[in-house]
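**Student:** Numbering (the numbering used here), first residue to last: 6 to 491.
Idealized CB from N, CA, C, for every residue including glycine.
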Ligand SMILES: Cc1cc2nc3c(=O)[nH]c(=O)nc-3n(C[C@H](O)[C@H](O)[C@H](O)COP(=O)(O)OP(=O)(O)OC[C@H]3O[C@@H](n4cnc5c(N)ncnc54)[C@H](O)[C@@H]3O)c2cc1C
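#1: Could you give the C-beta distance for residue 479 and residue 424, rounded to a whole number, given that I count them as a contact under 8 Å?
#2: Is residue 367 helix, strand or coil when you go by DSSP?
#3: What are the uninterrupted segments assigned as beta strand (DSSP E) that are 3 or more residues long and contained completely in the stretch 309–353, given in chain order?
#4: Find out if the Cβ-Cβ distance for the pair residue 236, residue 225 is shorter than 9 Å.
#5: So is the beta-carbon of residue 235 under 8 Å away from any non-hydrogen atom of ligand 1?
#6: With a cut-off of 8 Å on the beta carbons, I'd call residue 301 and residue 141 a contact; round off their distance for me.
#7: Taking one C-beta from the stretch 51–65 and one from the stretch 193–205 each time, how about it: are there three or more such pairs within less than 8 Å?
#8: Whose C-alpha, out of 41, 68 and 87, is nearest the C-alpha of residue 417?
#9: Among 375, 344, 357 and 411, which one has its Cα closest to the Cα of residue 161?
#10: Kindly indicate which three-state DSSP category residue 376 falls into: helix, strand or coil?
#11: State yes or no: is the C-beta of residue 317 within less than 9 Å of the C-beta of residue 211?
#12: Does the Cβ of residue 85 lie closer than 8 Å to at least one heavy atom of ligand 1?
#13: What span of residues does the alpha helix (DSSP H) with residue 178 cover, start to end?
#14: May I ask you to check if the CB of residue 264 is nearer than 8 Å to at least one heavy atom of ligand 1?
#15: Less than 8 Å between the CB atoms is what I'm expecting for residue 147 and residue 112, so what's the real figure, rounded?
#16: How about residue 460: is its Cβ closer than 8 Å to a heavy atom in ligand 1?
#17: Hey, quick one: how far does the beta strand (DSSP E) through residue 208 stretch, first residue to last?
#18: What did DSSP end up calling residue 240 once you bin it into helix, strand or coil?
#19: Cutting at 6 Å between CB atoms, please list the residues of its own chain near residue 166, excluding the five before and the five after it.
#20: Which term fits residue 68, buried or exposed, when burial requires 16 or more other beta carbons within 10 angstroms of its beta carbon?
#21: Would you kindly check if the distance between the Cβ of residue 139 and the Cβ of residue 247 is under 9 Å?
#22: Where does residue 212 sit, in a helix, a strand or coil, going by DSSP?
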């Protein structure tokens with residue numbers, strides 16, 4: 006059997022692999038992306054879910070990274086207004102940790118480093134900000150600034166959808182078994198028994214980047230540091246749509262952020278040996294609870310935790326002594342000792358588009374493609390809406406039977422794609438059976454047929470976050486209904 010030949014074979018369906026697939030397909034390349042689990046099954050669904058410049062990186066003089074991330078934040082807020090929402094952060098002052106002037110200068114830089122911004126600039130906390138200060142212990146001074154919140158796994162899927170709409174082949178549940186350079190191309194064996202040929206390959210295996218290089222017999226110049234980060238979810242800790250960034254005695258910071266009607270708290274920074282070590286442990290849960298209890302009047306304990314998630318950051322090893330200090334910037338390593346291989350070390354959800362543009366800037370010339378800017382101004386699938394509030398009002402008017410909560414959830418998740426999904430649906434009966442948590446047949450089929458969902462977990466935990474609200478019995482009912490879905 007002759008192998009199909011691609012221009013580019015991408016290993017890994019996290020945010021970086023999918024963003025590169027989008028960029029490359031828009032440049033007209035014939036792309037195959039393989040992911041051995043689900044899209045965003047690992048780090049790209051375990052983030053804090055912020056589209057941010059990274060205020061704390063300024064302390065490590067990462068001005069270039071912060072400026073680039075802020076520019077990307079602005080682009081993303083406009084390109085995916087359905088799944089990305091502006092978020093106000095409250096930063097309480099802790100004189101013993103960082104003086105007022107230091108935070109003021111940091112926030113001033115944060116406001117201006119990225120150039121022209123549509124999000125509100127920072128300011129001091131005012132007496133009238135009682136909604137922000139009331140949940141906190143003591144009379145608080147501090148600051149208010151802006152960043153944005155994203156559904157990380159859905160952003161990954163939107164990258165993949167845009168890539169597919171431009172001709173890329175995206176396959177999940179398939180691993181790269183082995184690959185070798187032969188006759189001027191990569192010959193790759195896949196876990197489904199297929200052999201494919203590609204003129205170039207991208208290693209976007211995230212925390213597995215090194216293991217994959219080892220398997221390919223390629224020596225890398227760069228190293229990764231694997232650093233675990235965990236989050237806990239507790240019932241709503243305070244009223245309001247805003248988030249908190251809290252300074253801790255060890256000089257780390259953690260966030261408390263509204264998430265799916267509850268509060269998400271994270272993260273930790275724990276060096277680990279293997280990508281598979283992405284599991285929260287009891288000491289992390291205590292650490293996060295203690296951190297909240299230091300700042301908030303309402304006290305929490307491990308018994309309040311309703312959900313957790315952990316991910317392993319594949320950080321580029323810059324030799325920093327502590328995990329919290331390791332750079333969050335990325336490095337792209339191009340090996341041209343034969344057909345090109347580009348490996349991705351590090352990165353952020355926020356900077357994935359920029360990383361992809363740079364990846365094609367490096368790789369393109371090596372395979373005779375002239376890279377140009379194809380995604381800078383490009384809207385993501387579903388993102389062509391004129392303001393989220395206006396769009397939501399239209400959704401409620403067009404499909405009143407969805408109800409308030411479900412129309413908001415679906416408007417966020419699908420944006421303008423809702424018109425296609427619900428085309429011709431006149432009433433609740435047209436949505437089909439509710440498989441659990443308000444996910445009806447029409448939506449679940451969409452996830453399966455259009456968004457690569459292959460299991461109940463893909464639908465509950467990554468295509469939607471409905472899994473967070475289901476108990477074990479409801480989850481099991483959903484799993485059965487998923488299996489029976491025609
Ligand atoms: C706790 C935490 C909080 C974070 N918070 C933020 C944040 O708020 N904002 C932000 O911008 N960034 C954040 N990040 C960073 C961001 O999440 C990561 O940089 C990003 O998700 C990495 O994506 P990736 O595509 O490189 O890796 P991954 O998402 O892990 O994807 C790699 C994929 O490769 C696949 N793979 C590996 N080997 C093979 C093989 N042989 N064959 C096929 N497939 C293979 C894996 O299954 C995996 O799905 C955070 C990270 C962590 C851990």
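**Tutor:** In this structure, then:
#1: In the chain shown, counting from the first residue as 1, residue 479 sits at position 474. In the chain shown, counting from the first residue as 1, residue 424 sits at position 419. Not confirmed; about 30 Å, so no contact.
#2: Locating residue 367 in the chain shown gives position 362, counting from the first residue. Helix, per DSSP.
#3: 312–321, 336–340 and 346–350
#4: The residue given as residue 236 occupies position 231 in the chain shown. The residue given as residue 225 occupies position 220 in the chain shown. The criterion of a C-beta distance shorter than 9 Å is not satisfied by residue 236 and residue 225.
#5: On the chain shown, position 230 is the one that residue 235 refers to. Indeed, a heavy atom of ligand 1 lies less than 8 Å from the Cβ.
#6: The residue you call residue 301 lines up with position 296 of the chain shown. The residue you call residue 141 lines up with position 136 of the chain shown. The Cβ separation is near 6 Å, so the contact holds.
#7: no
#8: For the purposes of this step, residue 417 is identified with residue 412 of the chain shown, where counting begins at 1. Looking at the Cα atoms, 87 is the closest of the given residues.
#9: In the chain shown, counting from the first residue as 1, residue 161 sits at position 156. Looking at 375, 344, 357 and 411, the one whose alpha-carbon comes closest to that of residue 161 is 357.
#10: Here the question's residue 376 lines up with position 371 in the chain shown. Note: residue 376 maps to coil in three-state DSSP.
#11: Looking up residue 317 in the chain shown gives position 312. Looking up residue 211 in the chain shown gives position 206. Yes; because the gap between Cβ atoms is below 9 Å, this pair is in contact.
#12: Here residue 85 is taken as the residue at index 80 of the chain shown, counted from 1. No.
#13: Along the chain shown, one-based indexing puts residue 178 at 173. Counting along the chain, residue 178 falls outside any alpha helix (DSSP H), and DSSP gives it neither H nor E.
#14: For the purposes of this step, residue 264 is taken as the residue at position 259 of the chain shown. Result no, Cβ not under 8 Å from ligand 1.
#15: The sequence position of residue 147 within the chain shown is 142, counting from 1. The sequence position of residue 112 within the chain shown is 107, counting from 1. Actually they do not touch by this definition, with Cβ atoms about 10 Å apart.
#16: For the purposes of this step, residue 460 is identified with residue 455 of the chain shown, where counting begins at 1. Every heavy atom of ligand 1 is 8 Å or more from the Cβ of residue 460, so no.
#17: Looking up residue 208 in the chain shown gives position 203. 200–208 is the extent of the beta strand (DSSP E) around residue 208.
#18: For this step, residue 240 is matched to residue 235 along the chain shown. If DSSP states are grouped into helix, strand and coil, residue 240 belongs with the strands.
#19: As a working mapping, residue 166 is identified with position 161 in the chain shown. Only 386 meet the Cβ criterion.
#20: Residue numbering aside, residue 68 sits at position 63 when the chain shown is read from its first letter. Classification for residue 68: exposed.
#21: As a position in the chain shown, residue 247 is number 242, starting the count at 1. As a position in the chain shown, residue 139 is number 134, starting the count at 1. No; because the gap between Cβ atoms is not below 9 Å, this pair is not in contact.
#22: For the purposes of this step, residue 212 is identified with residue 207 of the chain shown, where counting begins at 1. In the structure shown, residue 212 sits in a helix (DSSP, three-state: H, G or I).
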